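Colleague: What the sequence shown shows, in my numbering, is residues 1 to 330, in sequence order.
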Amino acid sequence: MKKRLIAIGIAVALLLIGILSQSIGFLMSDTFSDSSQGMFSNEDEGPQEKVMEEGSSSERIARISVDGTIMSGQGGNLFEGEGYNHELFLEQLDTIKEDSTIKGVLLYVNSPGGGVFESAEIHDKLLEIKEEGKQLYVSMGGMAASGGYYISAPADQIFASNETFTGSLGVIMQSINYEELANEYGVKFNTIKSGEFKDIMSPTKEMTEEDREILQTLVDESYQGFVDVISEGRDMPEDEVIDIADGRIYSGQQAVENGLIDNIGFEEDALQALKDEMGTNPEVIEYTSGETIFGFPVNVESFLPNSEVKWINEMIDNRQGPRMMYMYTE
Numbered sequence: 001m002k003k004r005l006i007a008i009g010i011a012v013a014l015l016l017i018g019i020l021s022q023s024i025g026f027l028m029s030d031t032f033s034d035s036s037q038g039m040f041s042n043e044d045e046g047p048q049e050k051v052m053e054e055g056s057s058s059e060r061i062a063r064i065s066v067d068g069t070i071m072s073g074q075g076g077n078l079f080e081g082e083g084y085n086h087e088l089f090l091e092q093l094d095t096i097k098e099d100s101t102i103k104g105v106l107l108y109v110n111s112p113g114g115g116v117f118e119s120a121e122i123h124d125k126l127l128e129i130k131e132e133g134k135q136l137y138v139s140m141g142g143m144a145a146s147g148g149y150y151i152s153a154p155a156d157q158i159f160a161s162n163e164t165f166t167g168s169l170g171v172i173m174q175s176i177n178y179e180e181l182a183n184e185y186g187v188k189f190n191t192i193k194s195g196e197f198k199d200i201m202s203p204t205k206e207m208t209e210e211d212r213e214i215l216q217t218l219v220d221e222s223y224q225g226f227v228d229v230i231s232e233g234r235d236m237p238e239d240e241v242i243d244i245a246d247g248r249i250y251s252g253q254q255a256v257e258n259g260l261i262d263n264i265g266f267e268e269d270a271l272q273a274l275k276d277e278m279g280t281n282p283e284v285i286e287y288t289s290g291e292t293i294f295g296f297p298v299n300v301e302s303f304l305p306n307s308e309v310k311w312i313n314e315m316i317d318n319r320q321g322p323r324m325m326y327m328y329t330e
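Take a look at the structure:
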């Protein structure tokens, strides 16, 4: 118990350091010259390439991945280690779009989903890549649910294993209400607001029916957008999409049967299929970030238990309040 309390104490301290480092990094990017960037290196030269398989340099495949929760702002989070970095991923997509030697993209998705806004950003950039005539294949990992499926929908071919969890098609918005707990301990809240609904979804008051109706319209609007993305990406009638988009999770085999994916297979199968479609011997590349602090990568997981790392990550990700999510939650 004592060790756990110490670990949590360290985690809280590091949370404050992490937030401070994000603020400092933002200020430094606008204030300091290139000569001072050695302290906080961000390799601001775009994504760096790493050749995974030799082949034709004029007919190439870029292998990219979304591994983790699709959320913005995680690039500056010291606690994420090698996890998903939304800003870096968008930069990779822009690079692929502009690179005429890249003819195919293999997107590996292992994600429970994430933010509605971030998922839409990725989806739109993938459509732009396809408009450039590049092939897009998706390989799903253990999970490609909700927003993870949203970003997969534009693919020319989607591969998943029998054991993959996908689906969870829909939108969710959640908050915690601790009004009764606060009342029990005599905690009072003073709220000054400009309009009736300014404190909508506040954790300090009971949600009214009017509140719920307003929020439901927002969720319904995003849900319709999700349905449209699947209908267009999978060339599926809207009513068929609605039949399967009730939030449930599907196995890979079930997803084949209901038309959400095309093939059962692993990443190597998807890569080989993409090569066959291109009909060439393409070079296969990945991108690396090269991000460091004081020249060293920082990974808090090396000295904090995984449960504390997960807890502190959630504190960082959720500190801006409730939001709509394309997210599978257990």
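Backbone N, C-alpha and C define an ideal beta-carbon position, used for all residues, glycine too. All values derive from a computational prediction rather than experimental measurement.
Apart from the five residues just before and just after residue 170, which ones in its own chain have a Cβ nearer than 8 Å to its Cβ?
Modeller: In the sequence shown, counting from the first residue as 1, residue 170 sits at position 170. If the five residues before and after residue 170 are omitted, its C-beta is found closer than 8 Å to the C-beta atoms of 146, 223, 226, 245, 246, 247, 326, all from its own chain and listed in chain order.
Colleague: Which residues in the same chain as residue 132 place their Cβ atom closer than 8 Å to its Cβ, once the five residues preceding and following it in sequence are excluded?
Modeller: The count along the sequence shown starts at 1 and reaches residue 132 at position 132. Same-chain partners within the cutoff: 97.
Colleague: Any chance you could list the alpha helix (DSSP H) runs of at least 4 consecutive residues sitting entirely within the stretch 146-171, in chain order?
Modeller: 147-150
Colleague: Count Cβ pairs between the stretch 140-157 and the stretch 110-119 that sit closer than 8 Å; are there 3 or more?
Modeller: yes
Colleague: Would residue 285 be called buried (16 or more neighbouring beta carbons within 10 Å of its own) or exposed?
Modeller: In the sequence shown, the residue the question calls residue 285 occupies position 285. By the 10 Å Cβ count, residue 285 comes out buried.
Colleague: Alpha carbon to alpha carbon, how far is residue 232 from residue 153?
Modeller: As a first step, residue 232 must be located in the sequence shown, where it is residue number 232. As a first step, residue 153 must be located in the sequence shown, where it is residue number 153. The straight-line gap from Cα to Cα measures roughly 8 Å.
Colleague: Any idea which residues DSSP pairs residue 106 with across the strands?
Modeller: By 1-based counting over the sequence shown, the position of residue 106 is 106. Bridge pairing for residue 106: 63, 137 [DSSP].
Colleague: Write down every uninterrupted run of the beta strand (DSSP E) in the stretch 247-287 whose length is 3 residues or greater and which is fully enclosed by it, in chain order.
Modeller: Within the stretch 247-287, the complete beta strand (DSSP E) runs of at least 3 residues are 249-251.
Colleague: Can at least three beta-carbon pairs, one atom from the stretch 44-55 and one from the stretch 274-288, be found at a separation below 8 Å?
Modeller: yes
Colleague: Roughly how many angstroms lie between the CA atoms of residue 68 and residue 106, to the nearest whole one?
Modeller: The residue you call residue 68 lines up with position 68 of the sequence shown. The residue you call residue 106 lines up with position 106 of the sequence shown. If I take the Cα positions, the gap works out to 17 Å.
Colleague: Kindly list the residues whose CB is nearer than 7 Å to the CB of residue 37, restricted to its own chain and excluding five residues on each side of it in sequence; keep chain order.
Modeller: Counting from 1 along the sequence shown, the entry for residue 37 is found at position 37. At residue 37, the pLDDT of 45 sits below 50, so the modelled position is not reliable and the matter cannot be decided from this model.
Colleague: Residue 193 to residue 199, Cα distance in whole Å?
Modeller: For the purposes of this step, residue 193 is taken as residue 193 along the sequence shown, with counting starting at 1. For the purposes of this step, residue 199 is taken as residue 199 along the sequence shown, with counting starting at 1. Looking at the two C-alpha atoms, the distance is approximately 7 Å.
Colleague: What is the DSSP secondary structure of residue 78, counted as helix, strand or coil?
Modeller: Along the sequence shown, read from residue 1 onward, the residue named residue 78 stands at position 78. Note that residue 78 has pLDDT 47, beneath the 50 cutoff, so the model's placement of it is unreliable and the number below is only indicative. Three-state result, residue 78: helix.
Colleague: Apply the 10 Å Cβ neighbour rule to residue 116 and answer buried if 16 or more other Cβ atoms are within range, or exposed otherwise.
Modeller: The sequence position of residue 116 within the sequence shown is 116, counting from 1. Result: buried.
Colleague: Residue 183: which of 205, 162, 197 sits nearest, CA to CA?
Modeller: By 1-based counting over the sequence shown, the position of residue 183 is 183. With distances taken between Cα atoms, residue 183 lies closest to 205.
Colleague: Please confirm whether residue 135 and residue 267 have their CB atoms less than 8 Å apart.
Modeller: Along the sequence shown, read from residue 1 onward, the residue named residue 135 stands at position 135. Along the sequence shown, read from residue 1 onward, the residue named residue 267 stands at position 267. Cβ distance not < 8 Å, so residue 135 and residue 267 don't count as in contact.
Colleague: So what does DSSP say about residue 333, is it helix, strand or coil?
Modeller: Given a span of 1 to 330 for the chain in the structure shown, any question on residue 333 remains unanswerable.
Colleague: Which one of 250, 57, 269, 208 has the shortest CA to CA distance from residue 163?
Modeller: Within the sequence shown, numbered from 1, the residue matching residue 163 stands at position 163. When each option's Cα is compared against that of residue 163, the closest is 250.
Colleague: From residue 123 to residue 271, what distance separates their C-alpha atoms?
Modeller: Taking the first residue of the sequence shown as position 1, residue 123 is located at position 123. Taking the first residue of the sequence shown as position 1, residue 271 is located at position 271. Taking the straight line from one Cα to the other gives about 21 Å.
Colleague: Would you list the one or two residues that DSSP bridges to residue 245?
Modeller: As a position in the sequence shown, residue 245 is number 245, starting the count at 1. DSSP, once it has assigned bridges, lists no residue as partnering residue 245.
Colleague: What does the Cβ neighbour count give for residue 328, buried or exposed, with the cut at 16 atoms within 10 Å?
Modeller: Position 328 of the sequence shown, counted from the start, is the residue given in the question as residue 328. It is buried - the Cβ of residue 328 has at least 16 other Cβ atoms within 10 Å.
Colleague: Do you know how far the Cα of residue 203 is from the Cα of residue 176?
Modeller: Taking the first residue of the sequence shown as 1, we reach residue 176 at position 176. Taking the first residue of the sequence shown as 1, we reach residue 203 at position 203. Roughly 6 Å separates the two Cα atoms.
Colleague: Compare the beta carbon distance of residue 234 and residue 260 with 8 Å and say whether it is the shorter of the two.
Modeller: In the sequence shown, the residue the question calls residue 234 occupies position 234. In the sequence shown, the residue the question calls residue 260 occupies position 260. Yes, these two residues count as a Cβ contact at 8 Å.
Colleague: Relative to the C-alpha of residue 324, which candidate in 255, 243, 220, 236 has its C-alpha closest?
Modeller: Translated into the one-based positions of the sequence shown, residue 324 becomes position 324. Residue 324 has its Cα closest to that of 220, out of 255, 243, 220, 236.
Colleague: Closest to residue 168 by C-alpha separation, out of 89, 241, 188, 161, would be which residue?
Modeller: For this step, residue 168 is matched to residue 168 along the sequence shown. For residue 168, the nearest C-alpha among the options comes from 241.
Colleague: If you run the structure through DSSP and keep just helix, strand and coil, what is residue 368?
Modeller: There is simply no residue 368 to check, as the chain begins at 1 and stops at 330 in what is shown.
Colleague: Starting from residue 186, trace the beta strand (DSSP E) in both directions and tell me its first and last residue.
Modeller: Within the sequence shown, numbered from 1, the residue matching residue 186 stands at position 186. Careful: residue 186 lies outside any beta strand (DSSP E) and carries neither H nor E.
Colleague: Do residue 46 and residue 118 have their C-beta atoms closer together than 8 Å?
Modeller: One-based indexing of the sequence shown puts residue 46 at position 46. One-based indexing of the sequence shown puts residue 118 at position 118. Result no, Cβ atoms of residue 46 and residue 118 do not sit closer than 8 Å.
Colleague: Beta-carbon within less than 7 Å of residue 95's beta-carbon, same chain only, minus the 5 sequence neighbours each way: which residues are those?
Modeller: In the sequence shown, residue 95 corresponds to position 95, counting from 1. Only 46, 47 meet the Cβ criterion.
Colleague: Quick check: the Cα distance between residue 236 and residue 83, rounded to an integer number of angstroms?
Modeller: Against the sequence shown, residue 236 aligns to sequence position 236. Against the sequence shown, residue 83 aligns to sequence position 83. If I take the Cα positions, the gap works out to 33 Å.
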